[in-house]
Amino acid sequence: SIVLFGVIHHYGDTERGLAELKRLLAPGGRIFIGEPRDGSLNTCYRILRRLILRWWSPQQLASLIGCFSPDETVVNEEELVRFFKGYRIDRFRKFTVRLPPLPLLSRFGIDVWLSRVCDQLPGLKRFGTVLYMAIQHEP
Numbered sequence: 105s106i107v108l109f110g111v112i113h114h115y116g117d118t119e120r121g122l123a124e125l126k127r128l129l130a131p132g133g134r135i136f137i138g139e140p141r142d143g144s145l146n147t148c149y150r151i152l153r154r155l156i157l158r159w160w161s162p163q164q165l166a167s168l169i170g171c172f173s174p175d176e177t178v179v180n181e182e183e184l185v186r187f188f189k190g191y192r193i194d195r196f197r198k199f200t201v202r203l204p205p206l207p208l209l210s211r212f213g214i215d216v217w218l219s220r221v222c223d224q225l226p227g228l229k230r231f232g233t234v235l236y237m238a239i240q241h242e243p
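Numbering-wise (my numbering), the sequence shown opens with residue 105 and increments by one.
So, in structure tokens, the structure goes:
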């Protein structure tokens, strides 16, 4: 099994990275993917980061939020399905608040607390911010 959580959108060349995953996956093997989903609250976060980059360098932004790569991309759900055509794919969305890892929020556990609160609000499920996929290479 291969497990990737919040990794693919940091690849510089997504298609090349996915091709390598496909090559590594043995018959009967599985890939578990968790990625920020476009069209959710993550879209606002991504736009805000791009706006901040007009005034700050990537290094300044990274020092503020912790993990950041200037070449981050959006993982498109339908492109993943097309790429792994012929494989068994189970997918679902989950609403989680993924606040940037600002030291102030992380230090007091505010990001975790807010995520737990939002996970209990059924109306927010349709805005799920994380796409989870289990991809199986069936022999």
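The beta carbon of each residue, even a glycine, is placed where N, CA and C say it ideally should be.
With fewer than 16 other Cβ atoms inside 10 Å of its own Cβ, Asp194 counts as exposed. The beta-carbon distance between Gly138 and His241, rounded to whole angstroms, is 19 Å. This is too long to meet the 8 Å contact definition. Here Val111 is not near Asp142, since their CB atoms are 9 Å or more apart. Each of Ala130, Glu176, Pro140 and Tyr191 was checked against the Cα of Arg154, and the nearest Cα belongs to Glu176.
9 Å or more divides the Cβ of Phe188 from the Cβ of Ile106. For Arg134, the enclosing beta strand (DSSP E) starts and ends at Arg134 to Pro140. Residue state for Gln240 is assigned as strand, using DSSP reduced to three classes. By the neighbour-count criterion, in which 16 or more other beta carbons inside 10 Å mark a residue as buried, Ile135 falls on the buried side. Taking C-beta atoms as the reference points, Thr233 and Asn146 count as a pair closer than 9 Å.
For Leu128, the three-state secondary structure derived from DSSP is helix.
In this structure, the straight-line span from the alpha carbon of Arg220 to that of Met237 is close to 21 Å.
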